[in-house]
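Student: Protein chains in written order, with the numbering used here: chain A, 3 to 408; chain B, 3 to 408.
1) Does the segment 264-276 of chain B come within contact of the segment 316-324 of chain B, defined as at least 3 CB pairs closer than 8 Å?
2) With 8 Å set as the bound, which would you pick, yes or no: does the beta-carbon of residue 365(B) sit closer than that to a beta-carbon of chain A?
3) In chain order, which continuous runs of the beta strand (DSSP E) of length 3 or greater are located wholly inside the segment 102-150 of chain A?
4) Helix, strand or coil: which one does DSSP assign to residue 261(A)?
5) Does residue 354(A) get closer than 8 Å to chain B when you measure Cβ to Cβ?
6) What are the residues of the segment 65-89 of chain A that lie near chain B, defined by any Cβ-Cβ distance shorter than 9 Å?
7) If contact means a Cβ-Cβ distance below 7 Å, which residues of the segment 385-406 of chain A contact chain B?
8) At what residues does the alpha helix (DSSP H) containing residue 312(B) begin and finish?
9) If you compare alpha carbons, which of 399(A), 173(A), 5(A) and 334(A) is closest to residue 292(A)?
10) What would DSSP say about residue 355(B), mapped onto helix, strand or coil?
11) Strictly by DSSP, which residues pair up with residue 28(B)?
12) Going along chain B in order, which residues have a C-beta closer than 8 Å to the C-beta of residue 31(A)?
13) Among 61(B), 262(B), 3(B) and 137(B), whose alpha-carbon lies nearest the alpha-carbon of residue 89(B)?
14) Cα separation between residue 188(B) and residue 157(B)?
15) So if DSSP puts residue 171(A) in a beta bridge, which residue, or which two residues, is it bridged to?
16) Which two residues bound the contiguous beta strand (DSSP E) that contains residue 300(A)?
17) Which same chain residues end up closer than 6 Å to residue 289(A) when comparing Cβ atoms and leaving out the 5 residues on each side of it in sequence?
18) Under a CB-based cut-off of 8 Å, is residue 155(B) close to chain A?
19) Take residue 19(A) as the anchor and find which of 78(A), 389(A), 295(A) and 305(A) has the nearest alpha-carbon.
20) From the DSSP output, in three-state form, read off residue 286(A) for me.
21) Does the beta carbon of residue 94(A) sit closer than 8 Å to a beta carbon anywhere in chain B?
22) Going by DSSP, which residues form a beta bridge with residue 193(A)?
23) Could you check where the alpha helix (DSSP H) with residue 335(A) kicks off and where it finishes?
24) Do you know whose CA, among 255(B), 264(B) and 120(B), lies nearest residue 282(B)'s CA?
25) Taking Cβ-Cβ distances below 7 Å as the criterion, which residues of the segment 112-127 of chain A are in contact with chain B?
26) Whole angstroms are fine: how far does the CA of residue 118(B) sit from the CA of residue 143(B)?
27) For residue 124(A), count neighbouring Cβ atoms within 10 angstroms of its own Cβ and tell me buried if that reaches 16, exposed if not.
28) Out of 153(B), 169(B) and 394(B), which one is the CA nearest neighbour of residue 213(B)?
29) Touch check for the segment 162-181 of chain B and the segment 193-211 of chain B: three-plus C-beta pairs under 8 Å?
30) For residue 184(A), collect the residues of the same chain with a Cβ closer than 8 Å to its Cβ; drop the 5 residues on either side in sequence, then sort them by chain order.
31) Which residue wins for smallest C-alpha separation from residue 226(B), given the options 348(B), 136(B), 344(B) and 37(B)?
32) Can you give the beta carbon distance from residue 359(A) to residue 57(A), rounded, assuming they're within the 8 Å contact cut?
33) Just to confirm the assignment, what range does the beta strand (DSSP E) spanning residue 235(A) have?
34) What whole-angstrom Cβ distance do residue 175(B) and residue 195(B) have, given they're in contact under 8 Å?
35) Alpha carbon to alpha carbon, how far is residue 197(A) from residue 86(B)? Give it in angstroms, no decimals.
36) If we count the other Cβ atoms within 10 Å of its Cβ and call it buried at 16 or more, is residue 342(B) buried or exposed?
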């Protein structure tokens, strides 16, 4: 899908669209031969499926498993291969930090270094938020620039923070310094390309200098006496979601990463600390009158999948199902329920399996799908579409796309 | 599918994949309303289909009929439009000949020229192998170079051979010299492009000189007194299948062309002269422990289709079905059964119809498909994918692909 073309066809009107992404929604059959979505008692989702058009979307394409970034980027209509966002930028975007174009961001993990120079704890004993904030502040006060490049610090959560380098053209194609195992020495940051650019070499020098200086500053800390860097990436703004599609878009998500990807796309992100689905729904109800496109992210289905907790995933889906009538009471013109990717409990990880999707709108064509599940969606009228085709469909059902050509 | 991207996600592990390509597997309904695959008694394939995910692949896309080269190239994951292999290179690759980059290969058919200069027999009375070898040798001894370009000869089978031109940059976009009908004079080899390159003009001169000299050398032959050239192509190595996907790949095929295309992809090709499916299966059993990806080619389904022999095709499929348990006993982590294209008996030729495919692995999602056939595969969970999407799926089910993006 050519974004410029899509944008050129987009028009403003009064319709409203709600997109619910249940993270990791898709699954594989559990012990009873049903997936979590199928095993869950979901009278409201099933009723919605009967009056909707159902099917699947492929986040990236057959066989390809997406990270959370590409999976959301695709559903927002952006080519996930063209707009790949590194971990450093993605995690930082979920904080109040305000990026400038060209910033190089890196995730920072506070760690414990043993006397012999090996990593004793990759998470510094999972220090709590206040401790993490304090050591982040300590670094911020003592490292304001390196070699003429401004250094900015941002605490993320617990032992996690971010370092942002600003003011010079840099190349973020760098390896992580995290050896991924305790008992090993931290790695030098180095360019990943065989023939690295001068900007990548300079960026690696900056990172290694940063790590050395942080080590000195943190020398007296009991736990967080060291930092490791990962996910280097240069911030480049995405085409603005609100300008592209000519609507006011708002994101409600409990986890920083999903707030981050929405913010990167240019959505208005509700920053309040909602954490339960109820709290999220309350915010949706509050924001609905002031928005045209509302993205609601439900995280826990994925977490349960990653834990291999089949019943837990069933519970999250049933929990959402009980709250679904409140979304329907808002009477959005288009309501789409899907996942960003599959997270089968059996695999305990993201997977490549197509994701069930259900689109409810006046203008959908009827299909035979009677329940919302991986097997029933095979009879859905949508068939199997690519994630980037979801946004054009939502716009179309919202009557927000003009005809192409005469 | 971007091959570089796919390769960057591929990892090594201990899993094993078997891909069975039953040549020309897909068909159209015969007199009893069933296709050969449906009419065949295939208890083992049907049982496999029940525990697998089924569907179709399009070799090139709706309406496009592939030759054997593109049909295999696509299933191996290469873009069949980007990597088009000419007949000269494809047929030569099936022989022990070792290509060098830039070689120009052409198929050579020995023919009988009448006294009036027209073609009397396009296959020189289908001379047997030893006769074909003898006249190929005769040419090899007498034509070692033309205009400073080295000429290499390779016998293929019976009246078929290949001529390879080496040592100069040439352009293989040339027409065939075969007039395709007896009673017609052979054609001049000429560039096919409207504005041919100098390299194409030089290549045409080389070919016409070769034909003229071959005619002199063969003047005393009773049958093979002339040669016709076709399928000019320049050899360019394909991205290496083993390096791309980071596994040891092995091909078992009875026919030279399929050995050739596997060799061009960089697979280890079992050169022994297996010809029955039993003999092929024995080799698969022998090679399985030493390989991660095993490609088994079953030719005869296509041959029967080309002959319009409906019952013959049924017989080949039933024959394979009886041997399928031996493949399953090897317990590959992923077993995929499909065809390279359809060859409906009614059309007696390759066709564009989507090809049934069945993928068996722990991580496949259940579908409603109860038998392996063109009608039942319509209910399969795979839906309709492109041939180039098969390889990413096999890699994914073998847990050989990393997640893309954070």
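Just so you know, even glycine gets a beta-carbon here, dropped at the ideal spot from N, CA and C. Predicted, not measured: the structure shown is a model, and the values here were computed from it.
Tutor: A quick look at the data gives this:
1) Touching, no.
2) Chain A contact via Cβ: present.
3) 106-115 and 121-123
4) Of the three classes helix, strand and coil, the one that applies to residue 261(A) here is helix, per DSSP.
5) yes
6) 65, 66, 67, 68, 69, 70, 71, 72, 73, 75, 82, 83, 86, 87, 88 and 89
7) With the criterion set as a beta carbon lying under 7 Å from some beta carbon of chain B, the members of the segment 385-406 of chain A are 385 and 386, in sequence order.
8) Per DSSP, residue 312(B) belongs to the alpha helix (DSSP H) from 312-331.
9) 334(A)
10) coil
11) 344(B)
12) Correct list: 367 and 368.
13) Of the listed residues, the one whose Cα sits closest to residue 89(B) is 262(B).
14) 21 Å
15) DSSP, once it has assigned bridges, lists no residue as partnering residue 171(A).
16) 295-300
17) 252
18) no
19) Out of 78(A), 389(A), 295(A) and 305(A), 295(A) has the C-alpha closest to the C-alpha of residue 19(A).
20) Shown here, residue 286(A) sits in a helix according to DSSP, grouped into three states.
21) no
22) Within the DSSP bridge table, the entry for residue 193(A) names 176(A) as partners.
23) Taken as a continuous stretch (DSSP letters only), residue 335(A) belongs to no alpha helix (DSSP H), as it is neither H nor E.
24) 255(B)
25) Listed by position along the chain: nothing, the set is empty.
26) 28 Å
27) buried
28) 153(B)
29) yes
30) 120, 121, 122, 123 and 124
31) 136(B)
32) At roughly 6 Å, the Cβ-Cβ gap stays under 8 Å, so residue 359(A) and residue 57(A) are in contact.
33) 228-236
34) 5 Å
35) 31 Å
36) buried
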